[in-house]
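From first to last, the protein sequence lines stand for chains A and B.
For the first sequence, the working numbering begins at 1 and goes up steadily by one.
For the second sequence, the working numbering begins at 1 and goes up steadily by one.
Quick reminder that beta carbons are idealized off the backbone N, C-alpha and C, glycines included.
These numbers come from a predicted model, not from an experiment.
Input: a single structure, listed below in structure tokens.
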Amino acid sequence: MSEAEATLSALKQELEQRVLDSIEFRDQLTAVLPPEAVVEACQFLKQRGYDLLIGLTASDHWPELPRFEMLYQLFSTEKNSLIGLSVRLEGEEPKVPSIESVYRNANWHEREVFDMFGIDFPGHSDLRRILMPMDWEGHPLRRDYPLGYEEVQFTFNYDEIEKRKKYAKD
Amino acid sequence: MSENQMEISVDELRGLVSERALEGETMILNMGPQHPSTHGVLRLILELDGETVVNCVPDIGFLHTGIEKNMEALTFEKALVMTDRMDYLNNLGNNLCYCLAVEKLVDLDVPPRAQVARVLLTELTRIASHLLWLGTHALDLAAMSVFLYTFREREILLDIFEMCSGQRMMTSYFRPGGLWRDLPQGFEQAVTQFLELFPERIREYESLLTENPIYIERTKGIGVISSEEALEIGLTGPNLRATGIPFDMRKARPYSGYEQFEFEVPTETHGDVYDRYLVRMEEMRQSLRIVRQALDKLPDGPTRSNNRKFVPPPRSELGHSMEAVIHHFKLWTEGFSAPEGTVYVPVESPRGVLGCFLVGDGGPKPRRVHFRTPSFANLQALPMLSRGHLVADIVAIISSLDPIIGDVDR
């Protein structure tokens, strides 16, 4: 049993029912967690030697629901092992607790996710936009955010697109 | 003041600078984004007490070009060209990271010749990147001549890249499944010439800096970070190895056949600017070792996978094989589809761990591509490193972290 597998089963014991699922895809292990269990899981993994937060991002599954997914990758330099965490976020105003208290370098990564996806991180020390200008509207990496060109309006989505068009409306 | 100019008051910096700044006891100084020593468009807001830095708040995003968003709108193969433009000094390394991620996602094989060629070329890129770093780093500390020397050798490397891909910097030479085309005639000769010439040149640079009292004065004991702090803030690459942790993705989780090569991971112990310099110098030597071994063992054979569902057929087959025409048409109009799933591939770039998140949604375009770029992660340590140093030392610290702003902002 590899280190990541052992860790995953230990994590399941530690968090009991809160590890919703585990995914194995192309030799890569990922634990699926509910948002409220993230900080605890990170604390447990850090104690187990996963000392480096090596990746943190989100992905947008629009129009599928639940829409957002947070992705974490933790690495242990000592045991040379990589483990992933995945958190599906419900609702229109997604929220997930900040893990900055456990991994300090989550600070900028979470700011980037906030900037690009509009996901809120309660407990973050300095949640501001990082890449886009401070007065920017919208969150560019959401799948329903257009790629610069004007969106084509059809009868079925006319009103929806009309709402976010930037030109003056009477 | 025009309408779209924002007035910024010191109140907006509350929490980022000390209370003394709000009372006007310390000075807030804006540095950048057009400051030559910031290696691009990096803006720093410095809080100064006399000439000593009390706080440093990096402000990034001036070079944000939406590379990740653009990649979502392209097929897997076409999205590759965006990766060169990210970290423009490690273009082949970025190509490699992205290709490995695509290959992992769709489970595609890479022939041995292509694997060795990839290692060879990424190591040459590493040397080219370190050369540019060395030149600009020394230039920031007012050692002008090093810059001229390093650019002379970098030119040879860029010529080699041009020979392979037709481009000096935006190479896009690695493709999912192998290489764009075989290594050109005269490639081995060009690399051999470089191998003969370069060890002597490294000694030349070292004789200019390593024992130079002015250089030592400006770098020893500057920007010190301990190994625990470095891991906590997510430093990787030469910056982490200068603190004494021999962590290198090429050794830890070998990819593209790195396990077949003999090389050492240089480390130092003090974690200051001078040690980061020493680590990078030694890394160039080790890269040279890898290049030499790769050139010796470069096998013959195809340079691209034969899996026609992912790799277009050679031009010669299009004339007589209907099957080939169909595959060609499908690949260049629709692209290949990837299964639903997430992969994460970390590789060692010259600056540290470059990781690629790739999320497939079952279609021919990625749902999400994210690069965990080393410059972004390393730059986060800047406030920590610069506290208590003089303004002039900030310049040395920034360049020792080796941030590439294209890599930070994407």
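Tell me the rounded alpha-carbon separation between residue i and residue j.
| i | j | result |
| --- | --- | --- |
| L92/B | M27/B | 43 Å |
| M1/B | E68/B | Interpretation of M1/B is limited by its pLDDT of 43, a score under 50 that renders its predicted location unreliable; the figure taken from the coordinates is listed afterwards. For M1/B and E68/B, the distance between alpha carbons rounds to 34 Å. |
| S349/B | L100/B | 14 Å |
| P312/B | E151/A | 33 Å |
| M249/B | F44/A | 24 Å |
| I54/A | L235/B | 10 Å |
| P246/B | K309/B | 40 Å |
| R368/B | S287/B | 32 Å |
| E103/B | P314/B | 20 Å |
| R203/B | V146/B | 12 Å |
| P140/A | S98/A | 21 Å |
| W62/A | G84/A | 22 Å |
| A392/B | D275/B | 19 Å |
| H39/B | A4/A | 39 Å |
| P374/B | T125/B | 16 Å |
| L183/B | A117/B | 8 Å |
List the residues of chain A whose Cβ lies closer than 7 Å to the Cβ of residue i, in chain order.
| i | result |
| --- | --- |
| K104/B | R26 |
| R372/B | I54, G55 |
| F336/B | Per Cβ cutoff of 7 Å: no residues; F336/B is ~16 Å from chain A at best. |
| A73/B | L147 |
If you measure from the beta carbon of residue i to each beta carbon in chain B, is any gap under 8 Å?
| i | result |
| --- | --- |
| L74/A | no |
| N157/A | no |
| L147/A | yes |
| D51/A | yes |
Pick helix, strand or coil for residue i, following the three-state DSSP scheme.
| i | result |
| --- | --- |
| S2/B | Residue placement at S2/B is flagged as unreliable, the pLDDT there being 48, under the threshold of 50; a coordinate-derived value is accordingly withheld. |
| Y145/A | coil |
| Y173/B | coil |
| M116/A | helix |
| P199/B | helix |
| V102/B | helix |
| D407/B | helix |
| K46/A | helix |
| L44/B | strand |
| S375/B | helix |
| L131/A | coil |
| I290/B | helix |
| K78/B | coil |
| H320/B | coil |
| K330/B | helix |
| I83/A | strand |
| P366/B | strand |
| L157/B | helix |
| L385/B | helix |
| G301/B | coil |
| V359/B | strand |
| D272/B | coil |
If the cut is a Cβ gap below 9 Å, which residues of chain B does residue i touch?
| i | result |
| --- | --- |
| D126/A | G15, L16 |
Check whether the Cβ of residue i lies closer than 8 Å to any Cβ atom in chain A.
| i | result |
| --- | --- |
| E259/B | no |
| H35/B | no |
| Q380/B | yes |
| H39/B | no |
| Y149/B | no |
| P346/B | yes |
| D402/B | no |
| G341/B | yes |
Going along chain B, which residues have a C-beta under 7 Å from residue i?
| i | result |
| --- | --- |
| R104/A | E232, I233 |
| P140/A | G66, K69 |
| S59/A | V359, R367, R368 |
| G84/A | Y344 |
Which residues in chain A have a C-beta closer than 9 Å to the C-beta of residue i? List them in chain order.
| i | result |
| --- | --- |
| V54/B | None at all; the shortest Cβ gap to chain A is about 17 Å. |
| A252/B | F75, T77, N80 |
How would you write the range of the alpha helix (DSSP H) that residue i sits in, first residue to last?
| i | result |
| --- | --- |
| Y215/B | 213-219 |
| Y255/B | Premise fails: Y255/B is in no alpha helix (DSSP H) and is neither H nor E. |
| D182/B | Note, D182/B: premise wrong, no alpha helix (DSSP H); not H, not E. |
| I127/B | 112-140 |
| P346/B | Counting along the chain, P346/B falls outside any alpha helix (DSSP H), though it belongs to the beta strand (DSSP E) covering 341-349. |
| V426/B | Given that chain B is displayed from residue 1 to residue 410, the structure contains no residue 426/B and the question cannot be resolved. |
Return the first residue and the last residue of the beta strand (DSSP E) that residue i is part of.
| i | result |
| --- | --- |
| Q73/A | 68-76 |
| M27/B | 27-31 |
| P58/B | 52-59 |
| L53/A | 52-60 |
| A31/A | 28-33 |
| I23/A | 21-25 |
Give the interface partners of residue i over in chain A, defined as CB-CB distance under 8 Å, in chain order.
| i | result |
| --- | --- |
| A143/B | Those within 8 Å of A143/B in chain A number zero; the least Cβ separation is about 32 Å. |
| G355/B | I54, G55, Q73 |
| F187/B | Residues of chain A passing the Cβ test: none, with the nearest at roughly 33 Å. |
Given that residue i touches chain B, what residues does it touch there, using C-beta distances under 8 Å?
| i | result |
| --- | --- |
| M132/A | G61, H64 |
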